[in-house]
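Residue numbers (the working numbering): 19 to 461. Don't be surprised by glycine CBs; every beta carbon is placed ideally from N, CA and C.
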């Protein structure tokens with residue numbers, strides 16, 4: 019262990035400003051790998067959710083899936099670490115987390131490496147925040163073959179993991195400074211957790227409200243109706259194709275471009291947005307994050323030209339995502355074969371905002387998923403979409419009243435999500451300043 023004059027964080031608490039430089043210590047010098055099997059001991063079988071941590075199998079899967087292999091699971095004690103050697107999109111080198119429970123736990127020995135901190139050199143909570151920042155991944159990527167990260171289980175040598183250089187403050191106050199950093203980030207996590215619960219509560223409230231504002235299957239009246247519409251006529255059940263026949267909707271179109279479908283090599287930094295199912299997020303079109311194609315190329319395509327106010331519905335692969343096209347600085351959005359647009363023809367009888375909420379209603383989503391076949395290959399074409407049933411009020415004022423109410427709630431949820439995202443960005447930025455950068459991660 020040697021001090022590095024350059025290894026100092028950008029942000030340090032005042033009481034440690036003169037506490038000396040930081041250093042790096044190999045992980046194996048401060049932890050010991052544990053390989054104790056569960057056997058017949060009473061432990062809580064755990065699984066892992068990348069980016070979240072260890073959760074009980076009962077919570078994650080609704081049941082315990084350990085089966086006969088339980089006795090060979092690795093035993094975890096409170097404050098032990100578990101490294102899941104499975105590649106995910108967010109953690110291609112695997113996810114490493116601290117077990118913060120109070121009971122004995124167990125994880126499958128086939129994909130986990132477990133280790134325990136030596137308290138005289140490293141504070142577990144401090145190490146855990148380093149791992150949250152993917153310190154281990156930045157190191158282990160040097161030992162993983164290119165292409166191996168996308169195929170599930172990773173072939174990782176525990177000896178390579180134990181060589182991971184861990185940044186630590188030096189001197190007698192090292193553990194105190196580690197705890198100070200961990201406590202600071204833990205306090206921020208509590209604020210983030212409270213904000214996340216606020217968002218979740220609003221989402222649950224919205225889901226419950228939608229179940230009451232739209233009729234249940236086989237019924238023509240919602241359980242909750244605004245007072246001034248309670249004496250109006252029942253809602254009517256019809257099909258999307260019938261709305262087209264009645265002149266309320268233009269014939270829906272998707273972006274099925276056949277042999278002239280744009281390729282990835284046609285993508286450009288800016289131009290006409292090329293909208294996929296994955297670009298419909300939280301009821302909005304992600305125009306900033308989508309792909310673009312040149313307008314000249316888009317003009318040669320024959321269909322899939324979505325305009326402001328159109329209701330978009332994903333119908334292939336990811337089925338059931340809904341968004342309304344906002345005001346856009348281009349003539350139109352170009353759709354892929356995964357997305358259909360629904361354009362209101364008679365705005366005096368049908369509200370596009372109401373139609374979007376109707377597509378999000380539990381009954382419609384259930385029927386849509388059933389008609390599409392479900393699964394990763396779910397698909398429902400334009401012809402089949404015409405046969406989808408919808409139940410709606412004939413009164414445009416009632417449609418708009420429902421749309422306005424749900425729209426206001428959506429705005430509240432979006433505002434709270436923005437606050438949550440801002441807190442998470444703040445935490446990421448704070449972690450970058452509280453922990454020093456080190457070139458020692460380059461093998």
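So, with DSSP's three-state summary, where would you put residue i?
{"i": "residue 356", "result": "coil"}
{"i": "residue 294", "result": "coil"}
{"i": "residue 381", "result": "helix"}
{"i": "residue 111", "result": "coil"}
{"i": "residue 287", "result": "strand"}
{"i": "residue 397", "result": "strand"}
{"i": "residue 375", "result": "helix"}
{"i": "residue 273", "result": "coil"}
{"i": "residue 425", "result": "helix"}
{"i": "residue 340", "result": "strand"}
{"i": "residue 248", "result": "coil"}
{"i": "residue 370", "result": "helix"}
{"i": "residue 281", "result": "coil"}
{"i": "residue 311", "result": "strand"}
{"i": "residue 332", "result": "strand"}
{"i": "residue 497", "result": "What is shown of the chain runs 19 to 461, which leaves residue 497 out entirely."}
{"i": "residue 262", "result": "helix"}
{"i": "residue 388", "result": "helix"}
{"i": "residue 116", "result": "strand"}
{"i": "residue 316", "result": "helix"}
{"i": "residue 102", "result": "strand"}
{"i": "residue 324", "result": "strand"}
{"i": "residue 303", "result": "strand"}
{"i": "residue 254", "result": "strand"}
{"i": "residue 348", "result": "coil"}
Can you give the Cα-Cα distance for residue i and residue j, rounded to whole angstroms?
{"i": "residue 44", "j": "residue 162", "result": "19 Å"}
{"i": "residue 433", "j": "residue 240", "result": "28 Å"}
{"i": "residue 243", "j": "residue 383", "result": "21 Å"}
{"i": "residue 265", "j": "residue 411", "result": "16 Å"}
{"i": "residue 352", "j": "residue 272", "result": "9 Å"}
{"i": "residue 191", "j": "residue 144", "result": "14 Å"}
{"i": "residue 394", "j": "residue 201", "result": "42 Å"}
{"i": "residue 386", "j": "residue 400", "result": "12 Å"}
{"i": "residue 117", "j": "residue 142", "result": "10 Å"}
{"i": "residue 96", "j": "residue 304", "result": "42 Å"}
{"i": "residue 285", "j": "residue 291", "result": "10 Å"}
{"i": "residue 164", "j": "residue 295", "result": "Caution applies to residue 164, whose pLDDT of 47 falls short of 50 and renders its modelled position unreliable; the model cannot decide the point."}
{"i": "residue 19", "j": "residue 181", "result": "Because residue 19 carries a pLDDT of 48, less than 50, the predicted location of this residue cannot be relied on, and the following value inherits that uncertainty. In a straight line, the C-alpha of residue 19 is about 13 Å away from that of residue 181."}
{"i": "residue 195", "j": "residue 34", "result": "7 Å"}
{"i": "residue 73", "j": "residue 338", "result": "29 Å"}
{"i": "residue 37", "j": "residue 136", "result": "22 Å"}
{"i": "residue 17", "j": "residue 409", "result": "Only positions 19 to 461 of the chain appear in the structure, and residue 17 is not among them; the question remains open."}
{"i": "residue 146", "j": "residue 99", "result": "8 Å"}
{"i": "residue 444", "j": "residue 152", "result": "17 Å"}
{"i": "residue 157", "j": "residue 422", "result": "51 Å"}
{"i": "residue 132", "j": "residue 311", "result": "48 Å"}
{"i": "residue 391", "j": "residue 331", "result": "16 Å"}
Only counting the same chain, and skipping five residues up and downstream in sequence, which positions put a Cβ closer than 7 Å to that of residue i?
{"i": "residue 456", "result": "25, 42, 183 and 185"}
{"i": "residue 389", "result": "398, 402 and 406"}
{"i": "residue 301", "result": "340, 341 and 428"}
{"i": "residue 171", "result": "103, 104 and 129"}
{"i": "residue 28", "result": "451"}
{"i": "residue 230", "result": "240, 241 and 242"}
{"i": "residue 454", "result": "25, 26, 27, 40 and 185"}
{"i": "residue 370", "result": "327, 329, 342 and 362"}
{"i": "residue 354", "result": "273, 292, 293 and 294"}
{"i": "residue 309", "result": "285 and 292"}
Going along the chain, which residues of its own chain have a beta-carbon closer than 6 Å to the beta-carbon of residue i, five neighbours each way excluded?
{"i": "residue 166", "result": "Caution applies to residue 166, whose pLDDT of 49 falls short of 50 and renders its modelled position unreliable; the model cannot decide the point."}
{"i": "residue 368", "result": "266 and 362"}
{"i": "residue 262", "result": "269"}
{"i": "residue 247", "result": "416"}
{"i": "residue 139", "result": "48"}
{"i": "residue 31", "result": "198"}
{"i": "residue 373", "result": "329"}
Going along the chain, which residues of its own chain have a beta-carbon closer than 8 Å to the beta-carbon of residue i, five neighbours each way excluded?
{"i": "residue 250", "result": "411, 413 and 416"}
{"i": "residue 213", "result": "434, 437, 438 and 441"}
{"i": "residue 228", "result": "375, 378, 379, 380 and 424"}
{"i": "residue 288", "result": "310"}
Within 9 Å of any Cβ in chain C, is that where the Cβ of residue i sits?
{"i": "residue 138", "result": "Of the protein chains in this structure there is only one, and it is not chain C."}
**Q.** Every unbroken beta strand (DSSP E) inside the stretch 120-208 [3 residues or more]
**A.** You should have 123-125, 130-135 and 183-187.
Q.
As an exercise, report each continuous beta strand (DSSP E) stretch of at least 3 residues that is fully enclosed by the stretch 24-97, in chain order.
A. Scanning the stretch 24-97 from its first residue to its last, the whole beta strand (DSSP E) runs of 3-plus residues come out as 40-44, 49-52, 62-67, 71-74 and 92-94.
Q) Should the stretch 408-426 be regarded as contacting the stretch 203-212, the criterion being three or more beta carbon pairs within less than 8 Å? A) Of all C-beta pairs linking the stretch 408-426 to the stretch 203-212, fewer than three are shorter than 8 Å, placing the two stretches out of contact.
Q: Decide if the stretch 218-235 is in contact with the stretch 77-94; the criterion is three or more beta carbon pairs, one per stretch, under 8 Å apart.
A: Between the stretch 218-235 and the stretch 77-94 there are fewer than three C-beta pairs closer than 8 Å, too few to call the two in contact.
Q: Tell me, please, whether the stretch 53-65 touches the stretch 109-124 by the rule of three or more beta-carbon pairs shorter than 8 Å.
A: With a cut-off of 8 Å, the stretch 109-124 and the stretch 53-65 count as touching, because enough Cβ pairs lie within range.
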